[in-house]
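**Q**
2 protein chains.
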Amino acid sequence: MGTMKSATYVLLAALFAAGIVLPAFAADPLPSWNDTAPKKAIVAFIKQVTRQGSANFVPVAERIATFDNDGTLWAEQPMYFQAFFVFDRVKHLAPQHPEWKSKEPFASVLRGDVKSALAGGEHALGEMLMATHACMTTEEFEKIVSDWIATAKHPATKRPYTEMVFQPMLELLAYLRANGFKTYIVSGGGIEFMRPWAEKVYGIPPEQVIGSSIKTKFELRDGKPVLVRLPELNFVDDKDGKPVGIQQHIGRRPIAAFGNSDGDLQMMQWTAAGKGARFCLYVHHTDAEREWAYDRQSHLGHLDKGLDEAKARGWTVVSMKDDWKIIYPHQKR
Amino acid sequence: MGTMKSATYVLLAALFAAGIVLPAFAADPLPSWNDTAPKKAIVAFIKQVTRQGSANFVPVAERIATFDNDGTLWAEQPMYFQAFFVFDRVKHLAPQHPEWKSKEPFASVLRGDVKSALAGGEHALGEMLMATHACMTTEEFEKIVSDWIATAKHPATKRPYTEMVFQPMLELLAYLRANGFKTYIVSGGGIEFMRPWAEKVYGIPPEQVIGSSIKTKFELRDGKPVLVRLPELNFVDDKDGKPVGIQQHIGRRPIAAFGNSDGDLQMMQWTAAGKGARFCLYVHHTDAEREWAYDRQSHLGHLDKGLDEAKARGWTVVSMKDDWKIIYPHQKR
Numbered sequence: 001m002g003t004m005k006s007a008t009y010v011l012l013a014a015l016f017a018a019g020i021v022l023p024a025f026a027a028d029p030l031p032s033w034n035d036t037a038p039k040k041a042i043v044a045f046i047k048q049v050t051r052q053g054s055a056n057f058v059p060v061a062e063r064i065a066t067f068d069n070d071g072t073l074w075a076e077q078p079m080y081f082q083a084f085f086v087f088d089r090v091k092h093l094a095p096q097h098p099e100w101k102s103k104e105p106f107a108s109v110l111r112g113d114v115k116s117a118l119a120g121g122e123h124a125l126g127e128m129l130m131a132t133h134a135c136m137t138t139e140e141f142e143k144i145v146s147d148w149i150a151t152a153k154h155p156a157t158k159r160p161y162t163e164m165v166f167q168p169m170l171e172l173l174a175y176l177r178a179n180g181f182k183t184y185i186v187s188g189g190g191i192e193f194m195r196p197w198a199e200k201v202y203g204i205p206p207e208q209v210i211g212s213s214i215k216t217k218f219e220l221r222d223g224k225p226v227l228v229r230l231p232e233l234n235f236v237d238d239k240d241g242k243p244v245g246i247q248q249h250i251g252r253r254p255i256a257a258f259g260n261s262d263g264d265l266q267m268m269q270w271t272a273a274g275k276g277a278r279f280c281l282y283v284h285h286t287d288a289e290r291e292w293a294y295d296r297q298s299h300l301g302h303l304d305k306g307l308d309e310a311k312a313r314g315w316t317v318v319s320m321k322d323d324w325k326i327i328y329p330h331q332k333r
Numbered sequence: 001m002g003t004m005k006s007a008t009y010v011l012l013a014a015l016f017a018a019g020i021v022l023p024a025f026a027a028d029p030l031p032s033w034n035d036t037a038p039k040k041a042i043v044a045f046i047k048q049v050t051r052q053g054s055a056n057f058v059p060v061a062e063r064i065a066t067f068d069n070d071g072t073l074w075a076e077q078p079m080y081f082q083a084f085f086v087f088d089r090v091k092h093l094a095p096q097h098p099e100w101k102s103k104e105p106f107a108s109v110l111r112g113d114v115k116s117a118l119a120g121g122e123h124a125l126g127e128m129l130m131a132t133h134a135c136m137t138t139e140e141f142e143k144i145v146s147d148w149i150a151t152a153k154h155p156a157t158k159r160p161y162t163e164m165v166f167q168p169m170l171e172l173l174a175y176l177r178a179n180g181f182k183t184y185i186v187s188g189g190g191i192e193f194m195r196p197w198a199e200k201v202y203g204i205p206p207e208q209v210i211g212s213s214i215k216t217k218f219e220l221r222d223g224k225p226v227l228v229r230l231p232e233l234n235f236v237d238d239k240d241g242k243p244v245g246i247q248q249h250i251g252r253r254p255i256a257a258f259g260n261s262d263g264d265l266q267m268m269q270w271t272a273a274g275k276g277a278r279f280c281l282y283v284h285h286t287d288a289e290r291e292w293a294y295d296r297q298s299h300l301g302h303l304d305k306g307l308d309e310a311k312a313r314g315w316t317v318v319s320m321k322d323d324w325k326i327i328y329p330h331q332k333r
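Residue numbers (the working numbering), protein chains in the order written: chain F, 1 to 333; chain S, 1 to 333.
1. Please report the straight-line C-alpha distance between ALA273 of chain S and PRO225 of chain F, rounded to a whole angstrom.
2. What separation, rounded to the nearest whole angstrom, lies between the Cα atoms of ILE214 of chain F and ARG229 of chain S?
3. Since VAL43 of chain S is in the alpha helix (DSSP H), which residue starts that stretch and which ends it?
4. Which whole-angstrom value describes the C-beta separation of ILE327 of chain F and ARG296 of chain F, a residue pair presumed to lie in contact below a C-beta threshold of 8 Å?
5. With distances taken from CA atoms, which of S:HIS133, S:PRO155, S:ALA288 is nearest VAL145 of chain S?
6. So, is ARG159 of chain S buried or exposed, given that buried needs 16 or more other C-beta atoms within 10 angstroms?
7. What is the rounded straight-line gap between the Cα of ILE191 of chain S and the Cα of SER319 of chain F?
8. Could you pull out every unbroken beta strand (DSSP E) segment of at least 3 residues lying fully inside the stretch 179-239 of chain F, listed in chain order?
9. Should VAL165 of chain S and LEU73 of chain S be called a contact, given that it needs their Cβ atoms to be closer than 7 Å?
10. Who pairs with TYR282 of chain F in a beta bridge, going by DSSP?
11. Counting C-beta neighbours from all protein chains within 10 Å, is the total for CYS280 of chain S 16 or more, i.e. buried, or is it exposed?
12. Is the shortest distance between the beta-carbon of GLU76 of chain F and the beta-carbons of chain S less than 7 Å?
13. Assuming the contact rule is C-beta atoms closer than 8 Å, LYS206 of chain F and ARG195 of chain F should be a hit. Round their C-beta distance to whole Å, please.
14. Chain S beta carbons: is any one of them nearer than 7 Å to that of PHE258 of chain F?
15. If you measure beta-carbon to beta-carbon, which residues of the stretch 247-280 of chain S are closer than 8 Å to chain F?
16. Just to confirm my understanding: we take ASN34 of chain F, look at its own chain, exclude 5 residues before and 5 after, and list those with CB closer than 8 Å. What are they?
17. By Cβ distance below 6 Å, which residues in the same chain neighbour GLN266 of chain S in space, the five residues on each side in sequence not counted?
18. Pick from S:PRO231, S:ALA288, S:VAL43, S:PHE218: whose alpha carbon is nearest that of TYR175 of chain S?
19. Please report the straight-line C-alpha distance between SER212 of chain S and GLY223 of chain F, rounded to a whole angstrom.
20. Would you say PRO225 of chain S faces chain F, with C-beta separation under 7 Å as the test?
21. Does any residue of chain S have a CB that is nearer than 7 Å to the CB of ALA310 of chain F?
22. Quick one: grab the DSSP three-state call for ALA293 of chain F.
23. Beta strand (DSSP E) containing ILE246 of chain F: first to last residue?
24. On the CB-based measure, 16 or more other CB atoms within 10 Å of its CB, does ASP308 of chain S come out buried or exposed?
25. At a CB distance below 9 Å, what residues from the stretch 143-165 of chain S approach chain F? Give them in sequence order.
26. In angstroms with no decimal places, state the Cα-to-Cα distance between LEU227 of chain S and MET136 of chain F.
27. Show which residues of chain S have a CB atom less than 8 Å away from the CB atom of ASP304 of chain F.
28. Based on the DSSP output, what are the partners of ASP70 of chain S in its beta bridges?
29. On the three-state DSSP scale, how would you describe VAL114 of chain S?
30. For ILE327 of chain S, list the residues DSSP reports as bridge partners.
31. Here's a check: name, in chain order, each residue in its chain whose Cβ is nearer than 6 Å to the Cβ of GLU142 of chain F, leaving out the five neighbours to either side.
32. Please tell me whether ALA65 of chain S and PHE181 of chain S are closer than 7 Å, where the distance is taken between their beta carbons.
33. Can you tell me where the alpha helix (DSSP H) holding ASP88 of chain F begins and where it ends?
34. What residues of chain F sit near ASP68 of chain S, judged by a beta carbon separation below 8 Å?
35. So with CB distances below 8 Å, who are the chain S contacts of THR138 of chain F?
36. When DSSP labels each residue in this structure, what does PRO155 of chain S get in the three-state scheme?
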């Protein structure tokens with residue numbers, strides 16, 4: 001090898017060893033995205049905020065991107081996946097609660113009648129949430145979630161829930177991080193329900209997961225410190241709550257936000273209202289064949305006002321049917 | 001240049017350009033620390049958890065270190081510095097509140113009688129906190145704090161509060177970060193009181209600041225989204241609250257914790273109870289000449305049980321007088 005060649009080799013080897021991500025000048029960072037408007041908008045935004053000297057350049061420390069989870073990073077039909085967790089836990093805990101056989105909404109769940117169980121609305125759901133999420137330590141709950149997510153299967157696809165994540169969004173997360181972004185989950189789901197698997201599945205560490213929570217209490221049990229999960233709501237990270245959760249956890253405004261429902265609208269408004277370049281993107285569930293199609297009339301993942309506001313303000317709307325080559329990682333492009 | 005020399009040069013240049021921190025094999029990372037037991041314990045701990053193949057090796061993602069602020073990273077006498085902020089704000093806002101002239105605790109503050117103002121205890125302090133911290137947007141509050149901290153001076157030293165940070169602790173923060181640690185503040189002080197200056201002063205970004213908070217509310221004001229600070233307590237990040245705040249914000253247990261009072265004891269117990277190598281350190285205020293000396297009997301920064309537990313459990317206790325060459329950055333070593 002000549003000097004120049006050898007030097008180049010060493011340089012590349014050093015960068016590689018140091019884990020430096022070189023700009024993807026050749027490879028497509030978003031291979032599961034069609035070359036339609038949303039992909040072009042994403043690439044243009046990233047270039048704009050990362051190019052030194054650009055009028056819209058944003059320092060790395062301020063490159064914050066927030067993602068809703070249910071319906072944005074993974075599927076949410078026919079129910080939020082956390083609801084399946086609740087029902088599975090009710091069944092699992094039933095032997096310790098003989099009274100549940102005649103007590104709603106538990107009795108309906110145990111009979112396999114989810115519809116009746118949910119007929120009690122928020123109150124019924126709240127009761128089941130507390131019965132399955134509280135009165136144990138944070139470590140116990142983490143183990144319960146980890147064990148469940150490792151084995152539970154979706155009723156329709158028969159796949160693990162962690163395989164029902166959206167491949168194009170995984171690529172987007174990686175693309176943002178390769179460009180210096182810190183990626184956060186900002187979900188109405190339970191913060192401690194997501195943390196045990198979010199790092200492995202999305203590359204998002206626990207400290208970058210924001211979600212709804214119940215209160216916890218510090219206790220010394222036989223001299224051993226524990227955090228006990230209390231049957232008391234602490235924070236609802238949905239709608240108006242999302243900007244509140246973002247401020248509480250991050251303390252600065254995101255420059256990019258990603259969602260799929262009206263529950264994400266306030267997060268987008270908050271993101272869009274900052275100075276400089278901003279990026280807001282709605283995932284629109286338009287693919288009845290490969291996933292589910294729902295929006296303005298849906299009982300969950302309701303997307304109505306958000307769709308109007310996205311149109312009025314020029315936010316990016318992804319049609320899953322038209323803009324994504326594949327939906328799930330196991331599918332072939 | 002020969003091939004090898006040239007290659008080495010390119011390698012170093014590449015690492016330098018990439019901002020890679022090489023192990024400080026020559027320079028002392030803690031130059032303001034005397035070569036006494038605490039410094040040796042810190043260095044030994046860092047080596048233990050960062051050396052590949054070590055029985056106590058900890059992956060980078062789990063290298064979490066939490067620091068109390070008042071009395072640990074900066075001074076806290078004769079009052080928490082945030083209390084000076086409160087009093088300054090009361091004086092500043094007095095023209096808009098003519099009723100304060102005859103209403104305690106405000107009347108005492110306006111007469112310059114801090115002792116009487118504080119005689120009302122927690123209730124009086126809470127009233128002043130809400131009057132000066134709430135009923136404005138998060139952005140308005142951030143500007144008020146930034147403006148205050150840029151100009152306010154400590155009554156005894158006449159120095160800006162941000163110059164009353166402990167130089168040895170700044171070195172420790174940098175040393176931990178150079179070894180892959182994420183450094184957090186976990187303080188009883190207001191989270192939004194610390195965030196505007198913590199990044200510049202400590203190198204700790206807003207998302208790594210945990211503190212006490214009041215509730216906020218999302219609102220659209222003439223179509224512009226704002227977060228309004230409400231006169232309602234949200235969370236007290238002190239004592240039992242510290243492990244709770246750590247779990248809420250970080251979602252994993254620190255492997256190192258640093259404090260100076262009994263208010264930090266639960267954080268240390270929580271940290272120490274994890275598996276593998278753990279490090280807990282108390283800053284003991286023993287230097288009446290260069291700073292202040294106080295511990296078991298002090299009205300603030302009360303360190304009593306913590307000192308006993310540190311001794312019983314072999315935690316590191318820093319004597320500011322004996323273990324630190326200098327206290328503040330402006331002093332010469």
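Glycine included, every Cβ here is placed at the ideal spot set by N, Cα and C.
Quick caveat, the model's predicted, so the values are computed rather than measured.
**A** Working from what's here:
1. As a first step, residue 273 of chain S must be located in the second sequence, where it is residue number 273. As a first step, residue 225 of chain F must be located in the first sequence, where it is residue number 225. Approximately 7 Å between the Cα atoms of the pair.
2. Looking up residue 214 of chain F in the first sequence gives position 214. Looking up residue 229 of chain S in the second sequence gives position 229. ILE214 of chain F and ARG229 of chain S: Cα-Cα distance of roughly 22 Å.
3. The residue given as residue 43 of chain S occupies position 43 in the second sequence. Its alpha helix (DSSP H) spans residues 37-50.
4. Residue numbering aside, residue 327 of chain F sits at position 327 when the first sequence is read from its first letter. Residue numbering aside, residue 296 of chain F sits at position 296 when the first sequence is read from its first letter. Between ARG296 of chain F and ILE327 of chain F the Cβ distance is about 21 Å, and since that is not below 8 Å, they are no contact.
5. Position 145 of the second sequence, counting from 1, holds the residue named residue 145 of chain S. Considering only alpha carbons, the answer is S:HIS133.
6. Here residue 159 of chain S refers to the residue found at position 159 of the second sequence. When all chains shown are included, ARG159 of chain S counts as exposed.
7. If you number the second sequence from 1, residue 191 of chain S lands on position 191. If you number the first sequence from 1, residue 319 of chain F lands on position 319. So the alpha carbons of these two residues sit roughly 40 Å apart.
8. 182-190, 209-221, 224-235
9. For this step, residue 165 of chain S is matched to residue 165 along the second sequence. For this step, residue 73 of chain S is matched to residue 73 along the second sequence. Their beta carbons are under 7 Å apart, which means VAL165 of chain S touches LEU73 of chain S by this criterion.
10. Reading the first sequence from its first residue, position 282 is the one you call residue 282 of chain F. F:GLY259, F:VAL317.
11. Along the second sequence, read from residue 1 onward, the residue named residue 280 of chain S stands at position 280. Classification of CYS280 of chain S: buried, given that the 10 Å Cβ count is 16 or more.
12. Locating residue 76 of chain F in the first sequence gives position 76, where the first residue counts as 1. False, the Cβ-Cβ gap to chain S never drops below 7 Å.
13. Residue numbering aside, residue 206 of chain F sits at position 206 when the first sequence is read from its first letter. Residue numbering aside, residue 195 of chain F sits at position 195 when the first sequence is read from its first letter. The residue you asked about is not Lys; residue 206 of chain F is Pro in the sequence shown. The beta-carbon separation of PRO206 of chain F and ARG195 of chain F, rounded to 4 Å, stays under the 8 Å limit for a contact.
14. Reading the first sequence from its first residue, position 258 is the one you call residue 258 of chain F. With 7 Å as the cut-off, PHE258 of chain F does not count as an interface residue toward chain S.
15. Result list: GLN247, GLN248, HIS249, ILE250, GLY251, ARG252, GLN266, GLN269, TRP270, ALA273.
16. The residue you call residue 34 of chain F lines up with position 34 of the first sequence. Cβ within range, chain order: ASP322, ASP323, TRP324, LYS325.
17. Within the second sequence, numbered from 1, the residue matching residue 266 of chain S stands at position 266. Only LYS239, ASP240, LYS242, PRO243 meet the Cβ criterion.
18. By one-based count along the second sequence, residue 175 of chain S stands at place 175. Answer by Cα proximity: S:VAL43.
19. For the purposes of this step, residue 212 of chain S is taken as residue 212 along the second sequence, with counting starting at 1. For the purposes of this step, residue 223 of chain F is taken as residue 223 along the first sequence, with counting starting at 1. Those two C-alpha atoms are separated by around 26 Å.
20. Residue numbering aside, residue 225 of chain S sits at position 225 when the second sequence is read from its first letter. Yes, its Cβ sits closer than 7 Å to a Cβ of chain F.
21. Position 310 of the first sequence, counted from the start, is the residue given in the question as residue 310 of chain F. Output row for ALA310 of chain F: interface = no.
22. Position 293 of the first sequence, counted from the start, is the residue given in the question as residue 293 of chain F. In this structure, ALA293 of chain F counts as strand in the three-state DSSP scheme.
23. Stepping through the first sequence from its first residue, residue 246 of chain F is reached at position 246. No beta strand (DSSP E) holds ILE246 of chain F; the alpha helix (DSSP H) holding it covers 241-249.
24. Looking up residue 308 of chain S in the second sequence gives position 308. ASP308 of chain S comes out exposed.
25. Cβ contacts with chain F: none found.
26. As a working mapping, residue 227 of chain S is identified with position 227 in the second sequence. As a working mapping, residue 136 of chain F is identified with position 136 in the first sequence. Their Cα atoms are separated by approximately 34 Å.
27. Translated into positions along the first sequence, residue 304 of chain F becomes position 304. What ASP304 of chain F touches in chain S: nothing, since even the nearest Cβ is about 17 Å away.
28. Along the second sequence, one-based indexing puts residue 70 of chain S at 70. DSSP lists S:TRP74 as partners of ASP70 of chain S.
29. Along the second sequence, one-based indexing puts residue 114 of chain S at 114. VAL114 of chain S: helix per DSSP, three-state reduction.
30. The residue labelled residue 327 of chain S in the question sits at position 327 within the second sequence. Beta-bridge pairing links ILE327 of chain S to no other residue.
31. Here residue 142 of chain F refers to the residue found at position 142 when the first sequence is read from its first residue. Contacts found: PRO196.
32. In the second sequence, counting from the first residue as 1, residue 65 of chain S sits at position 65. In the second sequence, counting from the first residue as 1, residue 181 of chain S sits at position 181. Closer than 7 Å, so yes.
33. To locate residue 88 of chain F, count along the first sequence from 1; it is residue 88. In this chain, the alpha helix (DSSP H) harbouring ASP88 of chain F covers 81-93.
34. On the second sequence, position 68 is the one that residue 68 of chain S refers to. Those within 8 Å of ASP68 of chain S in chain F number zero; the least Cβ separation is about 16 Å.
35. Looking up residue 138 of chain F in the first sequence gives position 138. Chain S residues near THR138 of chain F: GLN247.
36. The residue labelled residue 155 of chain S in the question sits at position 155 within the second sequence. Note: PRO155 of chain S maps to coil in three-state DSSP.
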